[in-house]
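Residue numbers (my numbering), protein chains in the order written: chain A, 1 to 258; chain B, 259 to 516. Glycine included, C-beta positions come from ideal geometry on N, C-alpha and C.
2 protein chains.
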Amino acid sequence: MPTSAVNLKLPKRRLDGQAADVLREQILSGRFAPGLRLVEATLADQLGVSRGTVRAALSELAHEGLVSQVAYTKWMVPELSAADAWELYSLRGSLEGLAARLASEHRTPETMKALREAYERLEEAVATERRSAVAAADLALHKTIVAITGHRRLIGQYKLIEQQVRHYIATSNADIADQHELLNQHEPIVSAIAAGDAERAERLAHDHNAPEVRKFAAELAQAIDRRGEILPLPARPRRGGDASGPSTTKEPNQGGKK
Amino acid sequence: MPTSAVNLKLPKRRLDGQAADVLREQILSGRFAPGLRLVEATLADQLGVSRGTVRAALSELAHEGLVSQVAYTKWMVPELSAADAWELYSLRGSLEGLAARLASEHRTPETMKALREAYERLEEAVATERRSAVAAADLALHKTIVAITGHRRLIGQYKLIEQQVRHYIATSNADIADQHELLNQHEPIVSAIAAGDAERAERLAHDHNAPEVRKFAAELAQAIDRRGEILPLPARPRRGGDASGPSTTKEPNQGGKK
DNA sequence: AGATTGTTGATTGTCAACAATCGGGCCTTG
DNA sequence: CAAGGCCCGATTGTTGACAATCAACAATCT
Chain A
1 MPTSAVNLKL
11 PKRRLDGQAA
21 DVLREQILSG
31 RFAPGLRLVE
41 ATLADQLGVS
51 RGTVRAALSE
61 LAHEGLVSQV
71 AYTKWMVPEL
81 SAADAWELYS
91 LRGSLEGLAA
101 RLASEHRTPE
111 TMKALREAYE
121 RLEEAVATER
131 RSAVAAADLA
141 LHKTIVAITG
151 HRRLIGQYKL
161 IEQQVRHYIA
171 TSNADIADQH
181 ELLNQHEPIV
191 SAIAAGDAER
201 AERLAHDHNA
211 PEVRKFAAEL
221 AQAIDRRGEI
231 LPLPARPRRG
241 GDASGPSTTK
251 EPNQGGKK
Chain B
259 MPTSAVNLKL
269 PKRRLDGQAA
279 DVLREQILSG
289 RFAPGLRLVE
299 ATLADQLGVS
309 RGTVRAALSE
319 LAHEGLVSQV
329 AYTKWMVPEL
339 SAADAWELYS
349 LRGSLEGLAA
359 RLASEHRTPE
369 TMKALREAYE
379 RLEEAVATER
389 RSAVAAADLA
399 LHKTIVAITG
409 HRRLIGQYKL
419 IEQQVRHYIA
429 TSNADIADQH
439 ELLNQHEPIV
449 SAIAAGDAER
459 AERLAHDHNA
469 PEVRKFAAEL
479 AQAIDRRGEI
489 LPLPARPRRG
499 GDASGPSTTK
509 EPNQGGKK
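Right under this line is the structure:
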């Protein structure tokens with residue numbers, strides 16, 4: 001028997017994956033602010049890997065929605081608008097609804113134990129009154145519900161959306177609701193899942209995002225009214241047009257190279 | 259005024275994107291069968307581009323779920339199981355539900371015209387009795403509903419799922435229901451959206467996928483029963499374990515290189 | 001002066017060579 | 001004869017150099 005039965009995963013990861021991890025951390029922490037331009041060569045120097053590897057990492061992050069690319073021109077950290085927030089929360093609502101429903105139909109001793117523990121951790125976090133701890137526990141609870149479903153594509157998709165939500169929150173000092181209210185919101189969801197009431201669990205989990213969705217939808221409507229145009233949604237950027245507005249062209253450059 | 263107002267877009271696409279298009283077509287058409295191993299160097303020769311470019315294309319397709327990678331070892335066309343089909347249809351149900359609801363809240367003369375036309379094209383296709391035409395029109399109708407929402411992330415996500423569904427259908431000679439029944443299923447959805455009844459539109463669009471979801475869930479349960487194990491769902495691949503099952507190791511090699 | 005066209009520096013896109021890793025066959029060994 | 005280690009070919013991972021493209025500025029023309 002080689003070594004042991006425990007599955008200890010050595011970090012035999014590829015370099016581009018590691019590079020992506022570092023960059024993702026920088027972006028999600030806000031140290032790479034929205035609007036920041038990312039230059040392959042500069043990052044390659046800073047990370048100590050080749051440009052091709054950095055390029056692969058950036059492509060990965062582009063798929064995750066954490067960087068955007070203008071072909072042949074530049075990479076940058078995207079600036080998330082109210083429209084983006086509306087998209088993220090509305091999608092998250094649907095995904096969490098699906099997750100709650102499936103979780104309700106997937107009850108085993110193990111999964112219910114994990115669910116209870118995740119909820120208890122949220123209670124403990126609320127008791128400490130530390131915002132970051134509460135946010136983390138809230139996140140973990142939802143992630144637990146999603147994981148219970150065993151739905152690999154749902155899990156992956158949820159992780160992507162969740163990441164972008166974190167990015168939005170981190171870069172827009174938008175804040176979370178009353179912490180004690182959180183428990184009142186989550187308890188019914190957990191109970192419904194534990195009771196196997198799929199219908200109710202789905203509805204509750206879905207509606208859990210409704211306040212944010214409405215909020216950003218309202219912001220969007222306001223913005224549209226203000227400019228008196230039709231624009232059902234932010235027009236996708238077109239080559240020659242759109243010279244409207246001051247268009248705060250934020251473009252902080254990377255620290256001087258070398 | 260430079261030249262003219264018309265936006266004539268030259269196909270200034272990157273090579274890896276074009277390579278991805280070609281490979282995607284091969285996979286979706288079934289010419290690259292599930293289980294087929296894809297070798298970077300061979301594809302590079304056949305496509306007339308460098309290995310790095312092929313690599314970028316394969317990464318793109320991996321994100322789309324059309325190829326899978328075993329790090330340091332190989333790329334291959336994934337074999338889709340009943341579990342995959344269940345995942346795809348359940349996710350698609352949620353996405354289509356969301357799309358129908360948002361579309362109901364997004365009615366303008368233009369969008370409703372597009373919706374009507376898409377439905378009429380489905381009627382025409384059914385009249386011709388040509389399966390491929392019906393399938394295409396069915397797809398186009400759903401795509402229209404999704405597009406009406408203006409929800410860019412939903413549009414992207416739906417395209418991904420849709421693509422994998424096509425892959426599953428193409429490689430499993432699974433077939434579509436009675437063609438005339440299709441109209442009876444879709445008419446209420448279109449009507450609900452046109453009437454602005456978001457609640458009903460969401461429910462109908464969501465339930466539209468329910469038969470498939472149930473079918474594949476049943477197949478899954480059967481498979482689990484048969485092997486008498488617990489496996490709530492296909493265990494995610496772990497380094498050392500899982501030597502169970504005959505695991506039909508289909509591995510047709512590419513045509514002789516050079 | 002205003003607009004158009006050429007030039008230039010910076011940045012991304014592509015390529016071909018080199019290094020690391022894996023799977024399988026062969027050999028050894030008990 | 002079975003189990004385990006080692007070597008080798010095949011394939012992927014990584015790199016540095018070269019080509020294509022773009023945005024901004026300078027020169028030129030009307």
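Residue range of the alpha helix (DSSP H) that includes residue i
i, result
"K417 (chain B)", "410-428"
"P367 (chain B)", "367-386"
"A19 (chain A)", "15-29"
"T42 (chain A)", "40-47"
"D396 (chain B)", "389-406"
Limits of the beta strand (DSSP E) - the one that residue i falls within
i, result
"S352 (chain B)", "S352 (chain B) -> not in any beta strand (DSSP E); alpha helix (DSSP H) instead, spanning 340-362."
"K332 (chain B)", "332-334"
"S213 (chain B)", "Within the shown structure, residues of chain B are numbered from 259 to 516, placing residue 213 (chain B) beyond reach of any answer."
"V271 (chain A)", "Coverage of chain A is limited to positions 1 through 258, which leaves residue 271 (chain A) absent and any answer about it impossible."
Expected contact under 8 Å - CB spacing of residue i and residue j to nearest Å
i, j, result
"I161 (chain A)", "L88 (chain A)", "6 Å"
"T429 (chain B)", "A291 (chain B)", "7 Å"
"S94 (chain A)", "G355 (chain B)", "7 Å"
"A475 (chain B)", "W344 (chain B)", "6 Å"
"A243 (chain B)", "I447 (chain B)", "The first residue shown for chain B is 259 and the last is 516, placing residue 243 (chain B) beyond what the model contains."
"A358 (chain B)", "A459 (chain B)", "4 Å"
"L23 (chain A)", "L80 (chain A)", "Not confirmed; about 17 Å, so no contact."
"W75 (chain A)", "L38 (chain A)", "4 Å"
Exposure label - residue i; buried when at least 16 CB within 10 Å
i, result
"T111 (chain A)", "buried"
"Q164 (chain A)", "buried"
"E120 (chain A)", "exposed"
"P246 (chain A)", "Legend: pLDDT at P246 (chain A) = 31, less than 50; position of this residue unreliable, value from coordinates given subsequently. Counting Cβ neighbours within 10 Å, P246 (chain A) comes out exposed, since fewer than 16 surround it."
"R13 (chain A)", "exposed"
"T53 (chain A)", "buried"
"P495 (chain B)", "With a pLDDT of 37 at P495 (chain B), under the threshold of 50, the modelled position of this residue cannot be trusted; read the value that follows with caution. Exposed."
"H180 (chain A)", "exposed"
"Y72 (chain A)", "exposed"
"A277 (chain B)", "buried"
"T402 (chain B)", "buried"
"E470 (chain B)", "buried"
"G150 (chain A)", "buried"
"I230 (chain A)", "Residue confidence is low: I230 (chain A) scores 41 on pLDDT, short of 50, so the model does not pin down where it sits. Its coordinate-derived value is still stated next. Exposed."
"R130 (chain A)", "exposed"
"N442 (chain B)", "exposed"
"D178 (chain A)", "exposed"
"L59 (chain A)", "Checking the sequence shown, residue 59 (chain A) turns out to be Ser, not Leu. When all chains shown are included, S59 (chain A) counts as buried."
"A137 (chain A)", "buried"
"P269 (chain B)", "exposed"
"Q157 (chain A)", "buried"
"S390 (chain B)", "exposed"
"A192 (chain A)", "buried"
"R92 (chain A)", "buried"
"S348 (chain B)", "buried"
"A468 (chain B)", "exposed"
"V404 (chain B)", "buried"
"V67 (chain A)", "buried"
"A299 (chain B)", "exposed"
"V70 (chain A)", "exposed"
Proximity test, residue i beta-carbon vs the ligand COA heavy atom, cut-off 7 Å
i, result
"Q164 (chain A)", "Inclusion of the ligand COA in the displayed structure is not the case, the ligand content being empty and no account of it being possible."
Give me the subset of the region 44-70 of chain A whose CB atoms are less than 9 Å from a CB atom of chain B, sorted by chain position. G52, R55, A56, S59, E60, H63, G65
Short of 7 Å Cβ to Cβ, which residues in the region 125-154 of chain A face chain B? G150, H151, R152, R153, L154
Along the region 435-459 of chain B, what residues have a CB closer than 9 Å to any CB found in chain A? none
Can you list the alpha helix (DSSP H) stretches of 4 or more residues lying completely in the region 192-225 of chain A, in chain order? 198-207
Got a sec: which bits of the region 329-354 of chain B sit with their beta carbon under 9 Å from any beta carbon on chain A, in order along the chain? A329, Y330, A341, D342, W344, E345, L346, S348, L349, G351, S352, L353
Below 7 Å between beta carbons is the criterion; list the residues of the region 271-297 of chain B that meet it against any residue of chain A, in chain order. R272
Between the region 418-430 of chain B and chain A, which residues of the former have CB atoms less than 7 Å from a CB of the latter, in chain order? none
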